[in-house]
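Note that the working numbering has the sequence shown beginning at 233, numbered continuously upward.
Glycine included, every Cβ here is placed at the ideal spot set by N, Cα and C.
Working notes, structure below.
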Amino acid sequence: MPPRTRTLRAATVAAVLALGTSLLASAPPAGAAEPEHVAVADHCQGQCADILPPGENGNATLVEILGNKAFGTHPAHSDDQLDRYNGLVAGHTSLTDQKLTDFFNDASFGVAADQVESVTKPREDVTITRDKKSGVPHIKGTTRYGTEFGAGFAAGQDRLWLMDLFRHIGRGELTSFAGGALANQGLEQQFWPQAPYTEADLEAQVEWIRTTEGPRGEQAMADAQAYIDGINAYRVKSKNGRYFPGEYVLTGKIDSITNIGEIQPFKLTDLISIASVVGGQFGGGGGGEVQAALSLLAAQQKYGVEEGTRVWESFRQRNDPEAVLTVHDGTSFPYAGKPDQARGTALPDAGSVTPEPLIYDRTGSAGTNAKAPVKAPTALKPLQGMYDDGVIPEGSLPGTGSGAQKRGMSNALLVSGRHTASGNPIAVMGPQTGYFAPQLMMLQELQGPGISARGVSFAGVGMYIQMGRGQDYAWSATSAAQDITDTYAIELCEPDGSTPSKDSTHYRDNGACAPMEKLERTNSWKPTVADSTAKGSYRMQVWRTDYGIVTHRATVGGKPVAYTSLRTTYRHEADSIIGFQLFNDPAYITDAASFQQAAHHIDYAFNWFYADSRTAAFYNSGMNPVRAAGVDPALPVKAEKAYEWQGYDPAANTSDYTPFAEHPQSSGQDYYISWNNRQAKDYATAAFGFGAVHRGDLLDDRVAKLVEDGGVTRASLTRAMAEAAVTDLRGEQLLPELLKVLRSQPVTDPALNAVVQQLDSWRAAGSQRKETTQGSHTYTHADAVRIMDAWWPKLVEAEFRPGLGDGLYTALTANLATDESPAASHGPSGAHSGSAFQYGWWGFADKDLRQVLGQPVKGPLAKTYCGNGDLSTCRQALLTTLKQAAAEPATAVYPGDDSCGAGEQWCTDAIVHRALGGITHKTIHWQNRPTYQQVVEFPSHR
């Protein structure tokens, strides 16, 4: 394989882009030799399990959608994994290895003869067998082309409408496709500027893989071509047979009576667009340097440059010595740290920063929620307006919605065989990608020449299993979010030599005054049965430079500049496909070391975990740029040759990258945990929020105790995960310190003392947000949970705002929101999304409270804020806010939304599968848990 000059994008992106240009070829292109067929063996011996709610089937005909709306019926296999997933909340306390399949699927290879539900042969060289219990497609091909064709055909069967949605999101064309609902407008406005491309740009990415990846690249292109052919074969078949997804009728694409209309053919560049969406959400890292600069300026304004910088750095916590780590044996992997003497930093002048406009030429309902319902046929009236709030409701996808930040999720728990009952490693792991109906991922098994795996793939880019199991190994990923995106300040100019302004569209590039490139996307829409939004249109516009996409304008030292965002994976949305191809190849993956080498081919920022019968291992992937000496990656930098990435070539967006050995990695450590926490010592974070308290502590404490006791089993490790999944991080990690402060003197107010005792009882019981009994929809310590939810934002503000001042407090909360409880609606994927406690001020509060209490603190905050460092004053601030919180009624703490009434605590936390199509599902108990999850223990190896 030739040397790599790359960039990356997501577990899904990987599988996407190895596609060929022609879409309907019936054979692999020349040069793609048929891989050797390796005999299929299943070394898991019944000890692999998985789950992906709500169900495998994500397509529904118009009749099935109407039945769901009128009678609550569901298409087969659309919801049959939901109860098992939900049941673990109540069932984990008595879980045994034998009971695991009560809550998970049997993830063995193949389907027993008496469990076969259907067999489909879309071609002579492939069969798709579905099992009775869950309807998962088991795809077996006698040729490589047939195998991949079958994967595409099965994807069409299970996710045709979803794939169509996401190719249009990636292209910035959602409103033109699905309607102009305000949420749809917002969604395309958030995604398209992250990966704006022309068609020629997308085609160039195909050629990059074709010409730089050797035989592996050629094979990937052949595989992707076959996958597309399979999707298109099902697209045509379902349209002609009138069993296509009913959403095409409801959005005006096909007439329900005449069948006139079209589902547009899928093509290679569509899949790249899908990859850019999923990869960008889960495999990105860095960026946000402009906002970081604003909070640094606020600190310097309050305290002066030297002291303000020291204060800011203590909140930034790039390399906090108390942070939970995945590699916890002390091994150091220096990357993206703070330089001793920064060079080239380009802080804006105070008050000069303005965001770059995106939307122009609005007409009609653009920017509004104006409705103009069409006259719907009587039969379709029950479905009228089902997309009025957007085909993907605001805030549902990670990184979308008001107040949300683009964050990765997922968790993993692995224990070495030295500490298990069997002597073999055990893993409980999976991606946490939100909850949708249908799910963004789909389960499948692929067996064919050079491919042998079962697991999940993101819909539309499922040529390979992206996370799952092979013949004698399993793997998964969590979002790593290390810094692969930088912000540059480009000096603006005018080509005629006149004085530039902040609005200038030329910039200094190696001494020349170069023009920015304008990229545009014009969308228009009209009302349909599904989306009543009135007719409207607008134009999206971004400026592209050799240093990335313009995001802000400002002045630096009085000179006008544009701030740009440059990520290593831009123009390389699918280069990672080679890594995913290797993961699926049983001839390549033979041990932990070969897996780590394969993971190095994934260019997106992910933490990869591996387990076989002998070894548990970890590797952090990502296209980490080699920065110029002295550059501070946490802040904007001047766009000059001296401060560029080393070896940077703007034409291809390539540079030098840190080598394999410098990426955090480990093999055979006693245990591994990851919940999007820091990877290793000296591997600096790309964002705020990686301090002394992190949700990774919920896993680390539990797994460390299991390892100390020894004899770990699949059930005991799953119990540890499930217990953490219903635990309030604030209650477990912060409440003990809060109680120490409150009880540093007697609480003389009887009513307030009773509140303190309530909180302490909840803490002693495990700080859980869990029902009294299954189905009660009432938490065991409901009042204590309500008080904590009301108290936390008040106590954080009372603890920090007086000392920081309004300006700095506001700036820092823009970098990091203070709370992300399951009841909050502003987390990484909005309300009802399961994921919680990833980002908040718990680490800041923990250090500050310990400083007030006089306890030892490594990496302390530069100042003590609660009560200005006085314990008695701090205590009074906490008591005052606690009294306010206790008096706040549930109807105020939980104000209600489209899914819940005011005051409904359990419902406010609960998981709602956001409908991306016409089928909806029941609400389930809150769990802070992977969406797709594996439990694996291999007793043997090849």
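Looking at residue i: is its Cβ nearer than 8 Å to the Cβ of residue j?
i            : j            : result
residue 1174 : residue 703  : yes
residue 1030 : residue 1112 : yes
residue 1027 : residue 971  : no
residue 884  : residue 799  : no
residue 338  : residue 281  : yes
residue 967  : residue 668  : no
residue 838  : residue 853  : yes
residue 396  : residue 290  : no
residue 284  : residue 425  : no
residue 316  : residue 329  : no
residue 787  : residue 870  : no
residue 796  : residue 780  : yes
residue 1000 : residue 973  : no
residue 565  : residue 895  : yes
Can you name, in chain order, every residue of its own chain whose Cβ lies under 7 Å from the Cβ of residue i, other than the five neighbours on each side?
i            : result
residue 386  : 360, 369, 371, 676
residue 1088 : none
residue 608  : 616, 761
residue 403  : 505
Tell me the rounded alpha-carbon separation between residue i and residue j.
i            : j            : result
residue 981  : residue 510  : 53 Å
residue 777  : residue 749  : 6 Å
residue 851  : residue 596  : 51 Å
residue 782  : residue 1116 : 45 Å
residue 535  : residue 1079 : 20 Å
residue 694  : residue 606  : 37 Å
residue 1082 : residue 1024 : 17 Å
residue 1091 : residue 569  : 15 Å
residue 1158 : residue 1009 : 11 Å
residue 845  : residue 383  : 29 Å
residue 422  : residue 992  : 43 Å
residue 710  : residue 381  : 29 Å
residue 1165 : residue 309  : 18 Å
residue 983  : residue 996  : 20 Å
residue 414  : residue 571  : 44 Å
residue 812  : residue 448  : 11 Å
residue 926  : residue 302  : 44 Å
residue 493  : residue 452  : 33 Å
residue 540  : residue 1119 : 37 Å
residue 1096 : residue 1077 : 10 Å
residue 418  : residue 406  : 10 Å
Please report the Cβ distance between residue i and residue j, rounded to the nearest whole angstrom; I am assuming they are in contact, meaning their Cβ atoms lie under 8 Å.
i            : j            : result
residue 521  : residue 866  : 7 Å
residue 567  : residue 916  : 6 Å
residue 336  : residue 1167 : 6 Å
residue 763  : residue 412  : 7 Å
residue 751  : residue 430  : 7 Å
residue 1094 : residue 546  : 4 Å
Give every residue of the same chain whose Cβ lies closer than 6 Å to the Cβ of residue i, excluding the five residues on either side of it in the sequence, and list them in chain order.
i            : result
residue 279  : 1169
residue 527  : 1043, 1044, 1047
residue 1144 : 1064, 1131, 1155
residue 238  : With a pLDDT of 33 at residue 238, under the threshold of 50, the modelled position of that residue is not reliable, and the figure given next carries that caveat. Hits under 6 Å: 804, 807, 835, 855.
residue 1128 : 1134
residue 767  : 596, 758
residue 575  : 862
Go through its chain and collect everything with a Cβ distance to residue i's Cβ below 8 Å, but skip five positions before and after it.
i            : result
residue 645  : 659, 660, 661, 903, 904, 905, 931, 935, 949, 952, 953
residue 742  : 873
residue 399  : 498, 502, 503, 505, 506, 692
residue 1041 : 1029, 1032, 1033
residue 332  : 281, 946, 947, 950, 1167
Pick helix, strand or coil for residue i, following the three-state DSSP scheme.
i            : result
residue 591  : strand
residue 1058 : At residue 1058 the pLDDT is 49, less than 50, meaning the model places this residue with poor confidence and gives no usable figure here.
residue 1132 : coil
residue 557  : strand
residue 643  : strand
residue 985  : helix
residue 788  : strand
residue 1158 : coil
residue 794  : strand
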